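Numbering (the numbering used here), first residue to last: 244 to 384.
One structure is given here, and the rest of the page talks about it.
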(Lines of atoms letter the chains of each structure in order from A; the text may use other names.)
(Lines give C-alpha, C1' and ligand atoms only; values in the text may rest on other atoms or scores of the structure.)
Protein backbone atom coordinates (compact mmCIF):
# COMPACT_ATOMS: atom_id res chain seq x y z
CA UNK A 244 0.00 0.00 0.00
CA UNK A 245 0.99 3.57 -0.58
CA UNK A 246 -0.07 6.83 0.97
CA UNK A 247 0.75 10.40 0.12
CA UNK A 248 0.47 12.24 3.41
CA UNK A 249 0.20 15.98 3.85
CA UNK A 250 0.27 18.02 7.02
CA UNK A 251 -2.79 20.27 6.80
CA UNK A 252 -4.53 23.00 8.75
CA UNK A 253 -7.84 21.82 7.28
CA UNK A 254 -9.04 19.59 4.43
CA UNK A 255 -12.30 18.49 2.85
CA UNK A 256 -13.76 16.22 0.20
CA UNK A 257 -16.80 17.18 -1.85
CA UNK A 258 -18.94 14.87 -4.01
CA UNK A 259 -21.71 16.28 -6.19
CA UNK A 260 -21.48 19.64 -4.41
CA UNK A 261 -21.82 18.12 -0.93
CA UNK A 262 -19.01 17.95 1.64
CA UNK A 263 -18.72 14.26 2.53
CA UNK A 264 -15.57 14.38 4.66
CA UNK A 265 -13.80 17.21 6.43
CA UNK A 266 -11.26 18.00 9.10
CA UNK A 267 -11.35 21.53 10.45
CA UNK A 268 -8.23 21.64 12.59
CA UNK A 269 -4.57 20.68 12.07
CA UNK A 270 -4.03 17.04 11.14
CA UNK A 271 -3.19 14.85 8.17
CA UNK A 272 -4.62 14.36 4.71
CA UNK A 273 -3.82 10.85 3.43
CA UNK A 274 -4.35 9.71 -0.15
CA UNK A 275 -4.27 5.90 0.09
CA UNK A 276 -3.78 3.42 -2.74
CA UNK A 277 -3.59 -0.37 -2.92
CA UNK A 278 -1.95 -2.80 -5.31
CA UNK A 279 -2.92 -6.38 -6.19
CA UNK A 280 -0.82 -8.10 -3.53
CA UNK A 281 -1.82 -5.95 -0.56
CA UNK A 282 -3.58 -7.53 2.39
CA UNK A 283 -5.23 -6.39 5.62
CA UNK A 284 -1.80 -6.72 7.26
CA UNK A 285 -0.46 -3.92 5.04
CA UNK A 286 -3.61 -1.88 5.70
CA UNK A 287 -3.07 -2.18 9.46
CA UNK A 288 0.62 -1.33 9.11
CA UNK A 289 0.01 1.82 7.08
CA UNK A 290 -2.76 2.88 9.49
CA UNK A 291 -0.40 2.56 12.46
CA UNK A 292 2.24 4.49 10.54
CA UNK A 293 -0.24 7.30 9.78
CA UNK A 294 -1.35 7.44 13.41
CA UNK A 295 2.19 7.64 14.81
CA UNK A 296 4.02 9.56 12.07
CA UNK A 297 5.78 12.50 13.75
CA UNK A 298 5.30 15.23 11.13
CA UNK A 299 2.96 17.59 12.92
CA UNK A 300 4.12 20.75 14.69
CA UNK A 301 6.99 20.17 17.15
CA UNK A 302 7.54 16.66 15.72
CA UNK A 303 4.33 15.31 17.20
CA UNK A 304 2.03 12.66 15.74
CA UNK A 305 -1.73 12.44 15.47
CA UNK A 306 -1.61 9.93 18.33
CA UNK A 307 0.28 12.43 20.50
CA UNK A 308 -2.26 15.24 20.18
CA UNK A 309 -5.45 13.59 18.92
CA UNK A 310 -5.18 15.25 15.50
CA UNK A 311 -7.70 14.17 12.84
CA UNK A 312 -6.93 12.34 9.59
CA UNK A 313 -8.79 12.64 6.29
CA UNK A 314 -8.40 9.41 4.26
CA UNK A 315 -9.18 9.43 0.54
CA UNK A 316 -8.83 6.41 -1.75
CA UNK A 317 -6.45 7.12 -4.63
CA UNK A 318 -5.81 4.39 -7.21
CA UNK A 319 -3.66 6.80 -9.23
CA UNK A 320 -0.85 6.37 -6.68
CA UNK A 321 -0.05 3.21 -8.64
CA UNK A 322 -0.04 4.92 -12.02
CA UNK A 323 3.03 4.34 -14.16
CA UNK A 324 4.02 7.01 -16.69
CA UNK A 325 7.58 5.89 -17.40
CA UNK A 326 6.69 5.05 -21.01
CA UNK A 327 4.87 7.41 -23.29
CA UNK A 328 2.57 10.19 -22.18
CA UNK A 329 -0.38 8.21 -20.87
CA UNK A 330 -0.07 6.47 -17.49
CA UNK A 331 -1.11 2.87 -17.05
CA UNK A 332 -3.00 1.72 -13.98
CA UNK A 333 -2.04 -1.97 -14.14
CA UNK A 334 -0.40 -1.93 -10.70
CA UNK A 335 -3.48 -0.46 -9.02
CA UNK A 336 -5.75 -2.98 -7.34
CA UNK A 337 -9.25 -3.16 -8.85
CA UNK A 338 -12.12 -1.69 -6.85
CA UNK A 339 -13.32 -4.98 -5.32
CA UNK A 340 -9.81 -5.53 -3.91
CA UNK A 341 -8.90 -1.93 -3.06
CA UNK A 342 -12.12 -0.78 -1.38
CA UNK A 343 -12.00 -3.28 1.51
CA UNK A 344 -8.32 -2.43 2.04
CA UNK A 345 -8.96 1.31 2.26
CA UNK A 346 -11.88 0.53 4.59
CA UNK A 347 -9.48 -1.58 6.69
CA UNK A 348 -7.09 1.39 6.99
CA UNK A 349 -9.95 3.58 8.22
CA UNK A 350 -11.19 0.90 10.65
CA UNK A 351 -7.69 0.35 12.08
CA UNK A 352 -7.20 4.10 12.54
CA UNK A 353 -10.51 4.37 14.37
CA UNK A 354 -9.65 1.32 16.50
CA UNK A 355 -6.40 3.10 17.45
CA UNK A 356 -8.45 6.09 18.59
CA UNK A 357 -8.17 8.36 15.58
CA UNK A 358 -10.82 10.82 14.45
CA UNK A 359 -11.13 9.90 10.76
CA UNK A 360 -13.03 11.56 7.94
CA UNK A 361 -13.23 9.94 4.49
CA UNK A 362 -14.07 10.48 0.88
CA UNK A 363 -16.37 8.17 -1.13
CA UNK A 364 -14.66 5.21 -2.77
CA UNK A 365 -14.85 5.37 -6.56
CA UNK A 366 -16.63 8.74 -6.66
CA UNK A 367 -15.51 11.80 -8.57
CA UNK A 368 -14.24 13.85 -5.64
CA UNK A 369 -13.05 17.41 -5.25
CA UNK A 370 -10.39 17.62 -2.56
CA UNK A 371 -9.50 20.91 -0.91
CA UNK A 372 -6.77 21.44 1.65
CA UNK A 373 -4.25 23.83 3.06
CA UNK A 374 -0.89 22.10 3.22
CA UNK A 375 1.11 23.47 6.15
CA UNK A 376 4.84 23.77 5.64
CA UNK A 377 4.35 22.69 2.91
CA UNK A 378 4.93 19.19 4.17
CA UNK A 379 4.26 16.06 2.08
CA UNK A 380 5.67 12.53 2.46
CA UNK A 381 5.22 9.24 0.66
CA UNK A 382 4.63 6.11 2.75
CA UNK A 383 4.89 2.62 1.36
CA UNK A 384 4.48 -0.69 3.19
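From the three backbone atoms N, C-alpha and C, an ideal C-beta is built for every residue, glycine too.
Remember, predicted model here, so these are calculated numbers, not experimental data.
Beta carbon of residue i nearer than 8 Å to that of residue j
i	j	result
residue 374	residue 251	yes
residue 368	residue 376	no
residue 291	residue 382	no
residue 260	residue 305	no
residue 370	residue 314	no
residue 275	residue 380	no
residue 378	residue 298	yes
residue 286	residue 336	no
residue 294	residue 372	no
Heavy atom of the ligand PLP within 7 Å of residue i beta-carbon
i	result
residue 383	Only the bare structure without any ligand can be found here, which leaves the ligand PLP out of the picture.
Reference residue i; option with closest CA among the options
i	options	result
residue 253	384, 359, 365, 364	359
residue 264	312, 379, 275, 384	312
residue 296	284, 285, 310, 283	310
residue 246	353, 344, 366	344
residue 366	338, 293, 331, 294	338
residue 281	342, 273, 244, 300	244
residue 364	384, 340, 357	340
residue 334	357, 302, 317	317
residue 268	319, 300, 325	300
residue 272	256, 283, 262	256
residue 350	262, 279, 283	283
Residue i - partner residues in DSSP beta bridges
i	result
residue 245	276, 383
residue 255	265, 371
residue 270	251
(request) Only counting runs of 4 or more residues, tell me where the alpha helix (DSSP H) segments fall wholly within the stretch 283–368, in order along the chain. (result) Runs of the alpha helix (DSSP H) inside the stretch 283–368: 283–295, 305–308, 338–355.
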